[in-house]
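Report on the following structure.
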Amino acid sequence: LPRLVREFVAQNNTSQIKHVIQILSQEFALSQHPHSRKGGLIGLAACSIALGKDSGLYLKELIEPMLTCFNDADSRLRYYACEALYNIVKVARGSVLLHFNVLFDGLSKLAADPDPNVKSGSELLDRLLKDIVTESNQFDLVGFIPLLRERIYSNNQYARQFIISWILVLESVPDINLLDYLPEILDGLFQILGDNSKEIRKMCEVALGEFLKEIKKNPSSVKFAEMANILVIHCQAADDLIQLTAMCWMREFIQLAGRVMLPYSSGILTAVLPCLSYDDRKKNIKEVANVCNQSLMKLVIPEDDEMDEAKPSMTIPAEPTSEESLSKPEAISTGESQLPCHGRSELDFTALKQPLFFPCSCERIQVTLNLDGIVQVLDYHLSDTSIGMMTRIAVLKWLYHLYIKTPRKMFRHTDSLFPILLRTLSDESDEVILKDLELLAEIASSPAGQTEEGHGPSDGSDVRPGPVELHVPARAGQLSSSSTKGLECSPSTPTMNSYFYKFMINLLKRFSSERKLLETRGAFIIRQLCLLLNAENIFHSMADILLREEDLKFASTMVHTLNTILLTSSELFQLRNQLKDLKTPESRNLFCCLYRSWCHNPVTTVSLCFLTQNYKHAYDLIQKFGDLEVTVDFLTEVDKLVQLIECPIFTYLRLQLLDVKNNPYLIKALYGLLMLLPQSSAFQLLSHRLQCVPNPELMQTTDNSKPSSTFKRTAASNIDYTELLQHFEKVQNKHLEARHQRAGQAEQLDRRVVL
Numbered sequence: 001l002p003r004l005v006r007e008f009v010a011q012n013n014t015s016q017i018k019h020v021i022q023i024l025s026q027e028f029a030l031s032q033h034p035h036s037r038k039g040g041l042i043g044l045a046a047c048s049i050a051l052g053k054d055s056g057l058y059l060k061e062l063i064e065p066m067l068t069c070f071n072d073a074d075s076r077l078r079y080y081a082c083e084a085l086y087n088i089v090k091v092a093r094g095s096v097l098l099h100f101n102v103l104f105d106g107l108s109k110l111a112a113d114p115d116p117n118v119k120s121g122s123e124l125l126d127r128l129l130k131d132i133v134t135e136s137n138q139f140d141l142v143g144f145i146p147l148l149r150e151r152i153y154s155n156n157q158y159a160r161q162f163i164i165s166w167i168l169v170l171e172s173v174p175d176i177n178l179l180d181y182l183p184e185i186l187d188g189l190f191q192i193l194g195d196n197s198k199e200i201r202k203m204c205e206v207a208l209g210e211f212l213k214e215i216k217k218n219p220s221s222v223k224f225a226e227m228a229n230i231l232v233i234h235c236q237a238a239d240d241l242i243q244l245t246a247m248c249w250m251r252e253f254i255q256l257a258g259r260v261m262l263p264y265s266s267g268i269l270t271a272v273l274p275c276l277s278y279d280d281r282k283k284n285i286k287e288v289a290n291v292c293n294q295s296l297m298k299l300v301i302p303e304d305d306e307m308d309e310a311k312p313s314m315t316i317p318a319e320p321t322s323e324e325s326l327s328k329p330e331a332i333s334t335g336e337s338q339l340p341c342h343g344r345s346e347l348d349f350t351a352l353k354q355p356l357f358f359p360c361s362c363e364r365i366q367v368t369l370n371l372d373g374i375v376q377v378l379d380y381h382l383s384d385t386s387i388g389m390m391t392r393i394a395v396l397k398w399l400y401h402l403y404i405k406t407p408r409k410m411f412r413h414t415d416s417l418f419p420i421l422l423r424t425l426s427d428e429s430d431e432v433i434l435k436d437l438e439l440l441a442e443i444a445s446s447p448a449g450q451t452e453e454g455h456g457p458s459d460g461s462d463v464r465p466g467p468v469e470l471h472v473p474a475r476a477g478q479l480s481s482s483s484t485k486g487l488e489c490s491p492s493t494p495t496m497n498s499y500f501y502k503f504m505i506n507l508l509k510r511f512s513s514e515r516k517l518l519e520t521r522g523a524f525i526i527r528q529l530c531l532l533l534n535a536e537n538i539f540h541s542m543a544d545i546l547l548r549e550e551d552l553k554f555a556s557t558m559v560h561t562l563n564t565i566l567l568t569s570s571e572l573f574q575l576r577n578q579l580k581d582l583k584t585p586e587s588r589n590l591f592c593c594l595y596r597s598w599c600h601n602p603v604t605t606v607s608l609c610f611l612t613q614n615y616k617h618a619y620d621l622i623q624k625f626g627d628l629e630v631t632v633d634f635l636t637e638v639d640k641l642v643q644l645i646e647c648p649i650f651t652y653l654r655l656q657l658l659d660v661k662n663n664p665y666l667i668k669a670l671y672g673l674l675m676l677l678p679q680s681s682a683f684q685l686l687s688h689r690l691q692c693v694p695n696p697e698l699m700q701t702t703d704n705s706k707p708s709s710t711f712k713r714t715a716a717s718n719i720d721y722t723e724l725l726q727h728f729e730k731v732q733n734k735h736l737e738a739r740h741q742r743a744g745q746a747e748q749l750d751r752r753v754v755l
């Protein structure tokens, strides 16, 4: 047969050559008889050897019978087909590249052949074909990629091994730029990375590692945008190796591509945020996720607050709106490359629809930040009670960062975020509460939160009637009160926006509905707010709100809490000094505002008078205590006040006891407290203190040139104490009526129980 073929070649008789090949193919290789098929395969291989270099002209006719026999049920026949095809390829060499796809397709099936001999034969043929591809510069990569993309999703281990080996070979050839087509195969590679075989996982790791090295070398030619969603999906994989590898890729993408990744922020955050709460078992993933989170956060800049979202020129198309993404989780499958989904939640698909990629440099692309998707993801993770502490902290940091960098756009979301942020104040973690308070303070003080008319946000139940005035103390040289809305005040009294009053109202509502929160965290929350915001504004607004509080019992409890904070917290040192002297109209205005609310609690009202050195009024109040209902709680509060008088905060008061002549009402007020107390340790403590008050005649001095402090106080203040005393009586009458009403209701309930 070879001699006959060589003669035909010498005669250039192509028709006879084709005739011989046709007979061998049709009558032998494709015969029903197995021995005839074996003979036909051997004959075709012999023809190829005889044709030599000319075998390339007849490769289609020579190869097709071989590939058909690859599917034969007889393993010996499949082996003969491998052997015959090996001889054909060895002779034809580079010419077989025109038929590479069909050869690759056949070999990918033989790689999973159950017969070891067939598998061994296919491996020999595979190595030969790899050598030819490596040597050649005519490989058709464009035509091969669709087949590779299809075969890469095979679940067979041997087929996967075969695929990875070919990817490694193609990646190693300098003339073949597989990086351009990486988006086509990246998803399949990550799926192979989850194979049960350690060897295959290792091979896939190597392949992905080589690709990542190439990406770092040539970031300008990488299609980051087309691969972003693939990484988002695999960053949420259950397999630790897949998740860690995808997260490492995401870290590099964010650092290399920069703002090109911003349109995918919501998807990235969906994948990254849960990882921040991983324990030490997944420490590596947690660390990489943290870097991703920090790097992504740095991409948001103040210019994002000014960009017009409706302007499409020279921008990467933004993600779809959050509503569309959540209502159409299947949207991702409509993109250019369909990515298999494995039972992921709907939120995972927020804004994952692949945008088009513009092949220009990263620096020239203007990206529009889509806050809707980002805020929705942050909202979801903050609302989910099962989310870990570190994730909640990261969410709050993100929101704070967005309010700093893009306040104008973020305030569009404030009304929806506000209830969640208030609920977060009940979190178990102090660190979470601190971050939450920082965020709420930023919302309450940001100039971007100012409204047109100075009214609070549009929530009828939360906004007080009439214009919202925060009673910010005026300073010399400032503008008139009507134009202070956008004014930058001194650090001691920063301008508050329309959300400040809403925050105060809702915070008090929170304390009212969750008494445990008030008891355990109330003082902590208010003290931190006094550091973050202006303490005078906080106390002024809370006192103003409590004045209208219908739940008198809560009002009394809240006033007691605020009074304790005012008297004992180091954060309020400046405010205490301001109230102690009452030298300015602002301080007197604040005192009157606090006094009216403090009247909900008689003992706290007296302590406020002691703090502000209104000793005569304190004495007048104590005189009124005889008309009040003296309860155990009342006596307990008097006891605590006596303890407070002995604390450093009231050092000045104790020293004023030396000036008996100018402070007679201070001594009378203290004696009044003493008379209220039963014979207890507090009684003994105050009694001993009053025994130390000196005889006024012994303390008399000859220096009468200095006017008394009492005279100065009277001259400096324009406070109507008679009206304040009447207000105190009015409030206490309300409390008395409320107590009688509660007692009557309790009595009726007892009767019903008895009946």
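Taking full-length UniProt numbering, I'd label the letters of the sequence shown as residues 1 to 755.
Note that the Cβ used here is the ideal one computed from N, Cα and C, for glycine as well.
Query: Whole-angstrom C-beta distance between Ala246 and residue 759, which should lie under 8 Å; Result: The requested residue 759 is not part of the displayed model; the chain covers only 1 to 755.
Query: Through-space distance from Asn293 to Ile393, alpha-carbon basis; Result: 12 Å
Query: Straight-line Cα distance separating Gly449 from Ile192; Result: 51 Å
Query: Check whether Cys82 and Arg37 have beta carbons under 8 Å apart; Result: no
Query: Exposed unless 16 or more other CB atoms sit within 10 angstroms - verdict on Cys647; Result: exposed
Query: Nearest candidate by alpha-carbon position, reference Lys202, set Asn13, Leu168 and Lys661; Result: Leu168
Query: At least 3 beta-carbon pairs within less than 8 Å: the stretch 214-234 vs the stretch 276-287; Result: no
Query: Per-residue burial, Ile410 [other beta carbons within 10 Å of its own, 16 or more giving buried]; Result: The sequence as given places Met at residue 410; Ile does not occur at that position. Its Cβ being crowded by 16 or more others within 10 Å, Met410 is buried.
Query: Spatial neighbours of Tyr181 in its chain, beta-carbon cut-off 6 Å, leaving aside the 5 residues before and after; Result: Ile145
Query: Run of the alpha helix (DSSP H) containing Ser48, from where it starts to where it stops; Result: Pro34 to Leu51
Query: Exposure label - Glu252; buried when at least 16 CB within 10 Å; Result: buried
Query: Reduced DSSP secondary structure (H/G/I, E/B, other) of Arg548; Result: coil
Query: Helix, strand or coil at Gly267 according to DSSP, with G and I counted as helix; Result: helix
Query: Collapsed DSSP secondary structure at Gln623 in the structure displayed; Result: helix
Query: Three or more C-beta pairs below 8 Å linking the stretch 552-563 and the stretch 598-616; Result: yes
Query: Boundaries (first-last residue) of the alpha helix (DSSP H) holding Met504; Result: Ser498 to Ser513
Query: CA nearest to the CA of Leu653, picked from Leu666, Leu641 and Gln643; Result: Leu666
Query: Where the alpha helix (DSSP H) through Gly672 begins and ends; Result: Pro664 to Leu676
Query: Beta-carbon proximity check, Leu97 vs Ser136, cutoff 8 Å; Result: yes
Query: Leu396 beta carbon less than 8 Å from that of Leu369; Result: no
Query: Alpha-carbon spacing of Asn658 relative to Arg423, whole angstroms; Result: According to the sequence shown, residue 658 is Leu rather than Asn. Taking the straight line joining both Cα atoms gives about 51 Å.
Query: Close Cβ partners of Lys119 (< 8 Å) along its chain, the five nearest in sequence each way excluded; Result: Leu110, Ala111, Asp113 and Tyr158
Query: Straight-line gap, Val638 to His688 (C-alpha atoms, nearest Å); Result: 16 Å
Query: Length at least 4, wholly inside the stretch 86-122: the alpha helix (DSSP H) runs in chain order; Result: 100-110
Query: Rounded separation between Asp304 and Asn506 - CA only; Result: 31 Å
Query: Residue interval of the alpha helix (DSSP H) (run including Asn13); Result: Taken as a continuous stretch (DSSP letters only), Asn13 belongs to no alpha helix (DSSP H), as it is neither H nor E.
Query: Ranges of the alpha helix (DSSP H) found wholly within the stretch 550-601, counting only runs of at least 4; Result: 552-568, 573-581 and 585-598
Query: Cβ neighbours of His413 in the same chain (closer than 6 Å, five flanking residues each side left out); Result: Val375
Query: Proximity of Ile254 and Leu186 at Cβ, strictly below 8 Å; Result: no
Query: Ranges of the alpha helix (DSSP H) found wholly within the stretch 152-230, counting only runs of at least 4; Result: 157-172, 182-192 and 198-217
Query: Neighbourhood of Tyr153 by C-beta, 6 Å cutoff - its chain only, sequence neighbours within 5 removed; Result: Gly188
Query: His401 - DSSP class collapsed to helix/strand/coil; Result: helix
Query: Rounded distance between the beta-carbons of Ser95 and Leu59, thought under 8 Å; Result: 6 Å
Query: Run of the alpha helix (DSSP H) containing Phe28, from where it starts to where it stops; Result: Counting along the chain, Phe28 falls outside any alpha helix (DSSP H), and DSSP gives it neither H nor E.
Query: CB contact flag (residue 769, Leu641, <8 Å); Result: For the chain, the structure presents residues 1 to 755; residue 769 sits outside this window and is missing.
Query: Pair within 8 Å by beta-carbon distance, Leu1 and Ala46; Result: yes
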